[in-house]
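Written out below as structure tokens is the structure these notes cover.
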Amino acid sequence: MDTIIIKIYGPNKFRFRNRSLFLPELTCRKYEELSPTEIQSRNSSRPYLKKFILHPKAADEYIPSVEVFETLSKEHNKIIYILKITFSAPKLLYWNSLQEVGEKDKDKLFFALRSALESVGIVLEIETIANAILESVHACKNIPLPKTIRMREIINELAKVDISKAFDVADKQDKKGARVLNIHSGTIEWSFYDKISDALRPKNKRSDKGRIDHEKAIVELYKLQEREVFRYEYRLKKTQTTKREINKLLGRDKKTQVVFKDIFTPNLLKTLVLNSWHKIMDLPENQLSLFGEVNELGFLLHIFFEAVKNGTKANSMDNAFASYGLAIAIRKHGAKELKGAVFDVWNRDHPERLKKKMKRAMELMKGLPISHNIAFIDKALERYELINLTSLEKGI
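In terms of the working numbering, the sequence shown opens at residue 5 and continues consecutively.
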């Protein structure tokens, strides 16, 4: 895991020893002190009355981002204060996100978070942290690449995938050529990039904005400047999405409130990472875009034999040629580009027709290997071996 966002609802769950560290300075009011306009806002879409943001003094330790929201209860005539805490789990523990955090780090992480908050005058109990509402979680995995596999090759291949029209695919490149691939909607995001090159970039250029100098020092200390580490992040960005996905994995009702301690359930994060990866990889159009290098004649003959084996004489030849052309087009131009081109000409109201053709083409390709690069990542994710200090000392 990396970025975590939790919310704690008052009263009596937290205290502030130094309210002057917030901007504006933190104040706590009673309902009777509200203006008529503020009281009327109860029925509006406005999410809060006031927001206070923590601005800690410069310090060596990692300090989470903290916001306090003053809200008005819709059921009762009272004010509620909500504490929102955003932090990187590995940076909180290790000051870098090359080392990875797993379920065994639960108690250590809870105590580290309480200690970091106490250093800026925010007092709360471990139990309160454990039972805080989980708004967002970034499940992730670092995979060291061998010298025979380059990050650029992996990004080039993954840039050809698609999920649905609800998701955008953004492929960005910086001045030095490092690339970040994001597949995203308003609530979910898949992100792929090289962790080493990202750690060495200026703060405002990074995919991971919460940089501290210790991460760059780790890269230099263990001589990782010339290495590449494939970084995969699956980001659940909204409370309802987090609740839906985690409750499904836990076998609970989808309306059950998800709390911070839930994500430390054994194998939950691993399953979240694998399921999200396969949600992309198992789509027919993406399998068509990610199969490995093959002799084109051999590829055509493979499809011919599969078509004869699986179809009738009346349509097997048509299916074979159509599937071959579709597979080559997707592999060359990418699934999203191919879909866009098709729907520019044919009716967008019936995407199931194209989907059926892609599924048939994928079935005729059974037995052909996927890309060597993607197969390497797939196996590494299945192993899910967390990187720790020992891994870094061995040169990962």
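Cβ coordinates follow ideal geometry from the N, Cα and C atoms, glycine included.
Do you know how far the Cα of residue j is from the Cα of residue i?
i: L304; j: A331; result: 10 Å
i: K164; j: Y328; result: 17 Å
i: E249; j: A170; result: 18 Å
i: A134; j: P150; result: 38 Å
i: L272; j: L253; result: 7 Å
i: S168; j: L25; result: 45 Å
i: K361; j: K11; result: 46 Å
i: S69; j: R154; result: 35 Å
i: D111; j: R21; result: 24 Å
i: L96; j: D257; result: 32 Å
i: F196; j: P148; result: 13 Å
i: L204; j: T269; result: 33 Å
i: D172; j: I391; result: 30 Å
i: F325; j: E230; result: 45 Å
i: E29; j: F56; result: 7 Å
i: H354; j: F347; result: 9 Å
i: F308; j: D6; result: 47 Å
i: N377; j: W350; result: 34 Å
i: E71; j: K78; result: 21 Å
i: R23; j: I86; result: 15 Å
i: K61; j: Y98; result: 21 Å
i: R156; j: A182; result: 8 Å
i: L162; j: N186; result: 10 Å
i: Y13; j: E310; result: 59 Å
Considering Cα atoms alone, identify which of the options is closest to residue i.
i: K265; options: V165, F115, F171; result: F115
i: V141; options: G125, I67, D172, K241; result: K241
i: V184; options: R205, F171, L204, I159; result: I159
i: V127; options: N135, R118, A134; result: R118
i: K313; options: H337, N351, M369, D286; result: M369
i: S48; options: E232, D64, S39, L76; result: L76
i: S189; options: D166, A136, D348, A182; result: D166
i: R33; options: I84, D6, P40, N377; result: I84
i: M366; options: D286, E297, N319, G338; result: D286
i: L38; options: I391, S195, E74, R23; result: E74
i: A174; options: T7, L393, K359, K340; result: K340
i: D64; options: E42, F295, A93, V124; result: V124
i: I130; options: I43, N146, N319, L113; result: L113
i: L138; options: N186, R357, I89, Y52; result: I89
i: L278; options: F295, Y236, T260; result: Y236
i: A120; options: F56, L358, A93, W350; result: A93
i: L276; options: K247, Q44, V349, E232; result: K247
i: Y226; options: E397, W194, E193, E42; result: E397
i: H80; options: P51, E297, R46; result: R46
i: T191; options: G399, T245, L228; result: T245
i: I400; options: N299, G338, E232; result: E232
i: K145; options: H306, F234, S320, Q44; result: F234
i: N323; options: K363, Y35, K274; result: K363
i: P288; options: L228, K176, H306, L358; result: L358
Specify the secondary structure class of residue i as computed by DSSP and reduced to three states.
i: K340; result: helix
i: H80; result: coil
i: L158; result: It is worth fixing the name first, because residue 158 is Ile in this sequence and not Leu. Helix.
i: K179; result: Note that K179 scores a pLDDT of 49, beneath 50, so its modelled location is shaky; the value from the coordinates is reported in the next line. Of the three classes helix, strand and coil, the one that applies to K179 here is coil, per DSSP.
i: T90; result: strand
i: W194; result: strand
i: L1; result: Nothing can be reported for residue 1, as the shown portion of the chain is limited to 5 through 400.
i: I267; result: helix
i: K241; result: coil
i: N319; result: coil
i: F309; result: helix
i: E74; result: strand
i: V262; result: coil
i: P148; result: strand
i: K383; result: helix
i: I187; result: strand
i: R19; result: strand
i: F56; result: strand
i: S24; result: helix
i: A136; result: coil
i: H142; result: strand
i: V233; result: strand
i: K398; result: coil
i: V1; result: Absent from the structure is residue 1, since the part of the chain shown begins at 5 and ends at 400.
i: Y13; result: strand
i: A63; result: coil
Tell me, please, whether the CB atom of residue i is closer than 8 Å to any CB atom in chain C?
i: A339; result: This model lacks chain C altogether, as it is built from one protein chain only.
Would you say the beta carbon of residue i is closer than 7 Å to some non-hydrogen atom of the ligand SAH?
i: N251; result: For the ligand SAH, the structure offers nothing, since it holds no ligand at all.
Mind reading off the beta-carbon distance from residue i to residue j? Whole number of angstroms is fine, and I expect it under 8 Å.
i: A143; j: Y238; result: 5 Å
i: R335; j: L292; result: 6 Å
| said: Whether or not the region 98-118 and the region 13-24 are in contact is what I'm after, with contact meaning three or more pairs of Cβ atoms, one per stretch, closer than 8 Å; do they touch? | reply: These segments do not touch.
| Looking at C-beta atoms only, is the number of pairs between the region 218-225 and the region 259-274 that lie closer than 8 Å three or more? | They do not touch, by the three-pair rule.
| request: Would you check if there are 3 or more beta carbon pairs closer than 8 Å linking the region 354-370 to the region 194-207? | output: Note that the region 354-370 does not touch the region 194-207; fewer than 3 beta-carbon pairs, one per stretch, sit closer than 8 Å.
| query | Counting Cβ pairs closer than 8 Å, one from the region 269-283 and one from the region 375-389, do we hit at least three? | reply | Yes, they touch.
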